[in-house]
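Reviewing the structure listed below.
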Amino acid sequence: MTIADDLARLEEIVRKLEADDVELDAALKLFEEGVARLRSARDQLGSAELKVQQVLEQAGDLRVTDLDG
Amino acid sequence: MAVSPQLSLISPTDEAMSVSQFNAAVKRMVQGQIPALWLRGEVVGLKPHPKGHWYFSLRDGEAQVRCAMWRTYTQRAGKPPKDGTEVFVLARADFYEAKGEFQLSITRMLPTAGVGAAQRELERVREALQRDGLFDPARKRRLPELACTIAVVTSLAGAALHDITTVVKKRWPCCRLLVIDARVQGEGAVEALVAALRLVNRLTGVDLCIVGRGGGAREDLAAFNAEAVCRALAAVRVPTISAVGHETDISLTDLVADYRAPTPSAAAEAAVADRLEVRRQLDDLAARLAGGLGGRTRLAAERLGRTADRLHAAVEDTVRRERTRLERLAAQLDALSPLRILDRGYAVPVGPEGHVLKRRDDFPPGAPFTLRVADGTVPARVEPAP
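Here the protein sequences line up with chains F and D, keeping their order. Under our numbering, the residues of the first sequence are numbered 3 to 71, in order. Under our numbering, the residues of the second sequence are numbered 108 to 493, in order.
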């Protein structure tokens, strides 16, 4: 799950919640998911360290190795 | 030491300069007075030195000048030109002290015929790509708002990768750079770039592709004008950014890419979001999330309240369960900082026993109570009955 996915889903949840035609039960579920997405996005934003990797092709196969950032 | 005409007027025994002093002074003058410039002329008498330097003269119909080109520069110039070849040279005036000779120090040499041919090839490729619609603005894709995985096609040995990494690390560290090493200049650069760009299409989960290199001489950027490289770039399945050389350099890949960045650093800026901005966006979403549910639960709570009054006691259990769930969620809502309702200017009236006053009946005339506001409490009293 990337932060982009989390943000896109959050936008969608908020839009649904802001429209008044959601059943309470559905609204509660959406809210719970929203809180989880929010936490996931904030965690990713806070803890991330840039990953720099090199892609190599060997005999037709791709291999990824870490580079010093 | 400056050479001055007064030298001849003073006593030679005291004031005579040595030849080396004089030549050193002349060298400083020569080097300081004439800026580097391009000259056009014919090469004659070129002698490659075993160490890789070239010595030759440059001439036109009426004049000639001695030239030296050091190994660092001859390596990039390719094979030594034959006598009589017309060339452009980038020259700096110099003075060879050991022999007292004026000469030019050459840093670049381009055969004039080659320059013409390169220009014609550039025009041919530009026209071919134009005809095939590769520069069409309608082809340009939008860059993703939040790129999480970025393919970077450049030389591991070059400065571009460092520039890109530095900017991305600062702005958007929750990101992955997949570097595909490719020669970006000299022999084999076109093939290497084409292979690297094709490889991008075999990677999964890539949001964006940056192709580029740092600054260099114009002929060093030539691979980014190659037709094969441009076509391979156009075939990349994700949005592309081209960043070649300095701001003033424009290559054909710049025109083919979805976005042209003036430098590799600028490419990185365009590629990734700013972490602080995204954090603000998240705060805003958190507030709207809380507000959205707040509205829904208020409505539902009112309806539940009305239902409870009318229904049999058996139903009340269900209602209580729902209420507990609502209260739990309300607590979660409260934990989201934007929901601190008091900060938005609301106040809560609290009776002497500490319970919240909610109805008209809770406010008998003259009764004292406390208003809880964002930063504390305010004593208050209901107006006495008229």
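Here a beta-carbon is modelled for each residue, glycine too, at the ideal position from N, C-alpha and C.
Chain-ordered chain D contacts of Arg44 (chain F) [CB-CB under 7 Å] | Locating residue 44 (chain F) in the first sequence gives position 42, counting from the first residue. Neighbours of Arg44 (chain F) on chain D, chain order: Leu389.
Is Tyr510 (chain D) helix, strand or coil by DSSP?
-> This structure leaves residue 510 (chain D) out entirely; chain D is present only between 108 and 493.
Length of the line joining the Cα atoms of Phe470 (chain D) and Leu464 (chain D) | Start at 1 with the first residue of the second sequence, and residue 470 (chain D) comes out as number 363. Start at 1 with the first residue of the second sequence, and residue 464 (chain D) comes out as number 357. Approximately 7 Å, taken between the alpha carbons.
Beta-carbon contacts of Ala143 (chain D) that lie in its chain and below 8 Å, excluding the five residues immediately before and after | Taking the first residue of the second sequence as 1, we reach residue 143 (chain D) at position 36. Answer for Ala143 (chain D): Leu197, Ala198, Arg199 and Thr214, listed in chain order.
Residue closest to Gly168 (chain D), alpha-carbon to alpha-carbon, out of D:Arg147, D:Leu250 and D:Gly402 = Locating residue 168 (chain D) in the second sequence gives position 61, where the first residue counts as 1. Out of D:Arg147, D:Leu250 and D:Gly402, D:Arg147 has the C-alpha closest to the C-alpha of Gly168 (chain D).
Gln140 (chain D) - DSSP class collapsed to helix/strand/coil | Translated into the one-based positions of the second sequence, residue 140 (chain D) becomes position 33. Of the three classes helix, strand and coil, the one that applies to Gln140 (chain D) here is helix, per DSSP.
Helix, strand or coil: which one does DSSP assign to Ile271 (chain D)?
-> The residue given as residue 271 (chain D) occupies position 164 in the second sequence. Helix at Ile271 (chain D).
What runs of the beta strand (DSSP E), each 3 residues or longer, lie entirely inside the stretch 169-204 of chain D?
-> 171-176 and 193-203
Nearest-angstrom Cα separation, counted from Arg166 (chain D) out to Gln292 (chain D) = Start at 1 with the first residue of the second sequence, and residue 292 (chain D) comes out as number 185. Start at 1 with the first residue of the second sequence, and residue 166 (chain D) comes out as number 59. Going by the C-alpha atoms only, they are around 31 Å apart.
Drop a sphere of 10 angstroms on the beta-carbon of Ser444 (chain D), count the other beta-carbons inside from all chains shown, and report buried for 16 or more, exposed for fewer.
-> Position 337 of the second sequence holds residue 444 (chain D). Low local confidence applies: a pLDDT of 46 at Ser444 (chain D) is under 50, so the model's placement there is unreliable, and no value is given.
Evaluate Leu125 (chain D) with the Cβ neighbour count: other Cβ atoms within 10 Å of its Cβ, from every protein chain shown; 16 or more gives buried, anything less gives exposed.
-> Counting from 1 along the second sequence, the entry for residue 125 (chain D) is found at position 18. Reading off the sequence shown, one finds Ser at residue 125 (chain D), where the question assumed Leu. Exposed, by the Cβ-count rule.
Taking all protein chains shown into account, decide if Arg238 (chain D) is buried (16 or more other Cβ within 10 angstroms of its Cβ) or exposed.
-> Along the second sequence, read from residue 1 onward, the residue named residue 238 (chain D) stands at position 131. Exposed, since its Cβ has fewer than 16 Cβ neighbours within 10 Å.
Cβ-based neighbour list, Leu433 (chain D), same chain, cut-off 7 Å, excluding 5 preceding and 5 following | Numbered from 1 along the second sequence, position 326 holds the residue referred to as residue 433 (chain D). Cβ neighbours of Leu433 (chain D) beyond the five flanking positions: Thr404 and Ala408.
Of all Cβ atoms in chain F, is any one closer than 9 Å to the Cβ of Pro251 (chain D)?
-> Residue numbering aside, residue 251 (chain D) sits at position 144 when the second sequence is read from its first letter. It does: the Cβ of Pro251 (chain D) has a partner Cβ on chain F nearer than 9 Å.
Give me whichever residues DSSP pairs with Gln210 (chain D) in a beta bridge.
-> To locate residue 210 (chain D), count along the second sequence from 1; it is residue 103. The partner list for Gln210 (chain D) (beta bridge, DSSP) reads D:Asp201.
Output the distance between the C-alpha atoms of Ala43 (chain F) and Arg246 (chain D), rounded to the nearest integer angstrom.
-> If you number the first sequence from 1, residue 43 (chain F) lands on position 41. If you number the second sequence from 1, residue 246 (chain D) lands on position 139. If you take the alpha carbons of Ala43 (chain F) and Arg246 (chain D), they lie about 32 Å apart.
Is any beta-carbon of chain F found at less than 9 Å from that of Leu446 (chain D)?
-> For the purposes of this step, residue 446 (chain D) is taken as residue 339 along the second sequence, with counting starting at 1. Caution is warranted here: a pLDDT of 40 is assigned to Leu446 (chain D), below 50, making its placement in the model unreliable, and the coordinate value is therefore given only provisionally. Chain F contact via Cβ: absent.
Mark Met176 (chain D) as exposed unless 16 or more other C-beta atoms lie within 10 angstroms of its C-beta, in which case mark it buried.
-> As a working mapping, residue 176 (chain D) is identified with position 69 in the second sequence. With 16 or more Cβ atoms within 10 Å of its Cβ, Met176 (chain D) is classed as buried.
Going by the C-beta, is Ala264 (chain D) closer than 8 Å to any heavy atom of the ligand PLP?
-> Looking at this structure, you won't find the ligand PLP or any other ligand, since it has none at all.
Closer than 7 Å by C-beta to Thr181 (chain D): which residues in its own chain qualify, once you throw out the five before and the five after it? Chain order, please.
-> Here residue 181 (chain D) corresponds to residue number 74 of the second sequence, with the count starting at 1. The answer, listed in chain order, is Gly159, His160 and Trp161.
Val498 (chain D) - containing beta strand (DSSP E), residue span | In the structure as shown, chain D begins at 108 and stops at 493. Residue 498 (chain D) is therefore absent and cannot be evaluated.
Which residues bound the beta strand (DSSP E) around Gly319 (chain D)?
-> Here the question's residue 319 (chain D) lines up with position 212 in the second sequence. It spans Leu315 to Arg320 - the beta strand (DSSP E) in which Gly319 (chain D) sits, taken as one unbroken run.
Can you grab the Cα-Cα spacing for the pair Arg65 (chain F) / Cys282 (chain D), in whole Å?
-> Numbered from its first residue, the first sequence carries residue 65 (chain F) at position 63. Numbered from its first residue, the second sequence carries residue 282 (chain D) at position 175. If you take the alpha carbons of Arg65 (chain F) and Cys282 (chain D), they lie about 19 Å apart.
Anything in chain F within Cβ reach of Thr261 (chain D), meaning under 8 Å, just list it in chain order.
-> To locate residue 261 (chain D), count along the second sequence from 1; it is residue 154. Within chain F, no residue comes near Thr261 (chain D); the closest Cβ sits about 11 Å away, beyond 8 Å.
Give the residues of chain F in contact with Arg283 (chain D), contact being defined as C-beta atoms less than 9 Å apart.
-> If you number the second sequence from 1, residue 283 (chain D) lands on position 176. Near Arg283 (chain D) (Cβ distances below 9 Å), the residues of chain F are Leu52, Lys53, Val54 and Gln55.
What is the DSSP secondary structure of Leu446 (chain D), reduced to helix, strand or coil?
-> Here the question's residue 446 (chain D) lines up with position 339 in the second sequence. Confidence is the limiting factor: at Leu446 (chain D) the pLDDT is only 40, short of 50, which leaves the residue's position unreliable and the question unanswerable from this model.
Mind checking Met3 (chain F): buried by the 16 CB within 10 Å criterion, or exposed?
-> Stepping through the first sequence from its first residue, residue 3 (chain F) is reached at position 1. With fewer than 16 Cβ atoms within 10 Å of its Cβ, Met3 (chain F) is classed as exposed.
Option nearest Thr431 (chain D) by Cα separation, candidates F:Leu30, F:Val54, F:Asp8 and F:Gln56 | Sequence index remark: in the second sequence, residue 431 (chain D) carries index 324 (1-based). Selected option, being the one with the closest Cα: F:Leu30.
Residue-chain proximity (Glu59 (chain F), chain D), Cβ-Cβ < 9 Å = Residue 59 (chain F) sits at position 57 when you count from the first residue of the first sequence. Yes, because at least one Cβ of chain D sits closer than 9 Å to the Cβ of Glu59 (chain F).
Ser127 (chain D): buried (16+ other C-beta within 10 angstroms of its C-beta) or exposed?
-> As a working note, residue 127 (chain D) is residue 20 in the second sequence. With fewer than 16 Cβ atoms within 10 Å of its Cβ, Ser127 (chain D) is classed as exposed.
Is the CB of Ala6 (chain F) under 9 Å away from at least one CB in chain D?
-> Within the first sequence, numbered from 1, the residue matching residue 6 (chain F) stands at position 4. At least one chain D Cβ lies under 9 Å of Ala6 (chain F).
Taking only the alpha-carbon atoms, compute the straight-line gap between Arg290 (chain D) and Met136 (chain D) and give it to the nearest angstrom.
-> Mapped onto the second sequence, residue 290 (chain D) falls at position 183. Mapped onto the second sequence, residue 136 (chain D) falls at position 29. Their Cα atoms are separated by approximately 41 Å.
What are the boundary residues of the beta strand (DSSP E) that includes Thr67 (chain F)?
-> Here residue 67 (chain F) refers to the residue found at position 65 when the first sequence is read from its first residue. Taken as a continuous stretch (DSSP letters only), the beta strand (DSSP E) holding Thr67 (chain F) covers Asp63 to Asp68.
In this structure, does DSSP put Ile257 (chain D) in helix, strand or coil?
-> Residue 257 (chain D) sits at position 150 when you count from the first residue of the second sequence. Reduced to three states, the DSSP call for Ile257 (chain D) is strand.
Do Leu315 (chain D) and Leu250 (chain D) have their CB atoms nearer than 9 Å?
-> Locating residue 315 (chain D) in the second sequence gives position 208, where the first residue counts as 1. Locating residue 250 (chain D) in the second sequence gives position 143, where the first residue counts as 1. Going by C-beta atoms, Leu315 (chain D) is nearer than 9 Å to Leu250 (chain D).
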